[in-house]
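A.B. asks: Please see the structure below; I have some questions.
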Amino acid sequence: MDETKNILPYGDALRDFLADGNISKSELKGILRNRGIFTREDDKTTTIPHLVTRGITPNELMELYQNISETEEEPKALTQTIKCSVPEVDLLSILPSSDEIHELVKKPFSNYELIGIPNFVSSIEGEVELDFIIERTDHTKSWDKNTKQFSGKVRFSKIDDELDINISLSHTSPETKEVASVISKEMVNRLKLAGFVKNDEVIRKIRFNDFTNENRVKFLNKLSKEQTSNELYFKDTRDLGFCPDETQTLPDDISWMQEKITNLLLQGKNLHSTVFIRQKKYHEYIKVYRVEASYSFDYDDCSGSCQISYEFPEFISKLDNSSELSIKVLNIRFKNGSNRSLAGAVKERTLKILEKSKLKLHDTLKNGGSS
1 MDETKNILPY GDALRDFLAD GNISKSELKG ILRNRGIFTR EDDKTTTIPH LVTRGITPNE
61 LMELYQNISE TEEEPKALTQ TIKCSVPEVD LLSILPSSDE IHELVKKPFS NYELIGIPNF
121 VSSIEGEVEL DFIIERTDHT KSWDKNTKQF SGKVRFSKID DELDINISLS HTSPETKEVA
181 SVISKEMVNR LKLAGFVKND EVIRKIRFND FTNENRVKFL NKLSKEQTSN ELYFKDTRDL
241 GFCPDETQTL PDDISWMQEK ITNLLLQGKN LHSTVFIRQK KYHEYIKVYR VEASYSFDYD
301 DCSGSCQISY EFPEFISKLD NSSELSIKVL NIRFKNGSNR SLAGAVKERT LKILEKSKLK
361 LHDTLKNGGS S
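Here the sequence shown is numbered in the UniProt record's numbering, starting from 1 and rising by one per residue.
Right, here's the structure in full:
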């Protein structure tokens, strides 16, 4: 935590901090309840004045910061591939140096900078990985949000005898996504210059418009439900986001959505058994862009439960039909005895398990394929 976060805010600074969208009203109500203060309403317009008047303790401040950090910094994973022109690829021979990475990322009038000495490392044969951190500065924010650090990761891996190179990008903010993309693009250029990849070869991404409506349902349903190993086991579908296809005339029994519904988000239990998913006759009429499911996990050094979100995020937020699939591991809960400091490692392992599944399903179902 930086020095500004060692200072207890008060007055308007505290009011601005508590109003942050990543701090929930239930958290503020809980702080008051722990002090023996009960309010009739739990909305922030009621709880914030109480806390501004009385102030908050260092422990309460730390807990709220941790919750904000967990909300903002959930790593989101993108997986891409590019086809090699030769069976043997020496990834170590094309790696940019730390100085070259800094030069790549540097741009004028940017509100962030790459910090430290980022370098690719190789702990597994045929795989190189770069962890990096950026620091973002925003002078329009209040005292507690002026600077913030975000992490990202770029991984290139050559799997067995396959010709494809897998490119994994992990980001925790728009800025780290941008940095990861710049570094990935440079690595692909170096692969082409070294003759490992043909000059006209393009990176393959998993995009919303790669699928027909029917196959997008099938893709997200299979990807989320067919994780049934001891390591990662599907339990339930909890969230489902979709909208009617505005280019189609809907069947009579779902015509109530026509020109009235632009986005529908269902939350509950067993949503994979709802009529929209169970009845295949509806699949061509709906655009599913999000599925969130719950799982149990059992790794060598820890076990517990989590939720995984599979989403084409810019489809709704930016109306972008070319939105790329993003996967997040959320709400990790450990069984008794498991080391809670392993949360980051659990996310990494879980995302890695899903890589092969999503690429295989994309191969099968993109552009109208069948499975």
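C-beta: ideal position from N, C-alpha, C; glycine also.
Can you list, in chain order, the residues of its chain whose CB lies under 6 Å from that of K155, leaving out five sequence neighbours each side?
C.D. replies: On the sequence shown, position 155 is the one that residue 155 refers to. Note that residue 155 is Arg in the sequence shown here, rather than Lys. Counting only Cβ-Cβ distances below 6 Å, and skipping sequence neighbours, we find E129, S168.
A.B. asks: When DSSP labels each residue in this structure, what does L130 get in the three-state scheme?
C.D. replies: In the sequence shown, residue 130 corresponds to position 130, counting from 1. Three-state DSSP puts L130 in a strand.
A.B. asks: Taking 8 Å as the CB-CB cut-off, is E60 touching chain C?
C.D. replies: Reference to chain C is not applicable here, since this structure consists of a single protein chain.
A.B. asks: Taking the C-alpha atoms as reference points, what is the distance between K335 and R33?
C.D. replies: The residue given as residue 335 occupies position 335 in the sequence shown. The residue given as residue 33 occupies position 33 in the sequence shown. Distance between the alpha carbons of K335 and R33 is about 28 Å.
A.B. asks: Just to confirm the assignment, what range does the alpha helix (DSSP H) spanning K347 have?
C.D. replies: Against the sequence shown, residue 347 aligns to sequence position 347. 343–365 is the extent of the alpha helix (DSSP H) around K347.
A.B. asks: Around the C-beta of L265, are 16 or more other C-beta atoms found within 10 angstroms, so that it is buried, or is it exposed?
C.D. replies: Indexing the sequence shown from 1 puts residue 265 at position 265. By the 10 Å Cβ count, L265 comes out exposed.
A.B. asks: Check for me: the beta strand (DSSP E) holding V288 runs from which residue to which?
C.D. replies: Counting from 1 along the sequence shown, the entry for residue 288 is found at position 288. Here the beta strand (DSSP E) through V288 covers 286–299.
A.B. asks: Who are the Cβ neighbours of T140 in its own chain at under 7 Å, not counting the five residues just before and after it?
C.D. replies: Taking the first residue of the sequence shown as 1, we reach residue 140 at position 140. Note that T140 has pLDDT 47, beneath the 50 cutoff, so the model's placement of it is unreliable and the number below is only indicative. No residues qualify anywhere along the chain.
A.B. asks: Per DSSP, what are the beta-bridge partners of R207 in this structure?
C.D. replies: The sequence position of residue 207 within the sequence shown is 207, counting from 1. In DSSP, R207 forms a bridge with E324.
A.B. asks: Please give me, in chain order, every unbroken run of the alpha helix (DSSP H) with length at least 4 that falls completely inside the segment 162–225.
C.D. replies: Counting whole runs of 4 or more residues, the segment 162–225 contains the alpha helix (DSSP H) stretches 174–193, 213–225.
A.B. asks: Keeping to the same chain, check which residues put their C-beta closer than 6 Å to that of N215; ignore five residues upstream and five downstream.
C.D. replies: In the sequence shown, the residue the question calls residue 215 occupies position 215. The answer, listed in chain order, is L365.
A.B. asks: Let me make sure I understand the geometry here. Which of E246, M62, G36 has the alpha-carbon closest to that of residue 399?
C.D. replies: This structure cannot speak to residue 399, because the chain is shown only from 1 to 371.
A.B. asks: Should A180 go down as buried or exposed, given a rule of 16 or more other Cβ atoms within 10 Å for buried?
C.D. replies: In the sequence shown, counting from the first residue as 1, residue 180 sits at position 180. Buried, since its Cβ has 16 or more Cβ neighbours within 10 Å.
A.B. asks: Going by beta-carbon coordinates alone, are A293 and R238 separated by less than 8 Å?
C.D. replies: As a working mapping, residue 293 is identified with position 293 in the sequence shown. As a working mapping, residue 238 is identified with position 238 in the sequence shown. Yes, Cβ-Cβ distance for A293 and R238 is below 8 Å.
A.B. asks: I need the boundaries of the alpha helix (DSSP H) containing K44, first residue and last residue.
C.D. replies: Taking the sequence shown and counting its residues from 1, the one referred to as residue 44 is at position 44. Counting along the chain, the alpha helix (DSSP H) containing K44 begins and ends at 44–54.
A.B. asks: Return the chain-ordered list of same chain residues with a C-beta closer than 6 Å to the C-beta of V52, the five sequence neighbours on each side being excluded.
C.D. replies: In the sequence shown, counting from the first residue as 1, residue 52 sits at position 52. Result list for V52: L14, R15, in chain order.
A.B. asks: Touch check for the segment 349–368 and the segment 217–228: three-plus C-beta pairs under 8 Å?
C.D. replies: Touching, yes, given that three or more Cβ pairs across the two stretches are closer than 8 Å.
A.B. asks: In terms of residues, what are the limits of the alpha helix (DSSP H) holding R15?
C.D. replies: Within the sequence shown, the letter at position 15 stands for residue 15. Element bounds for R15: 11–18.
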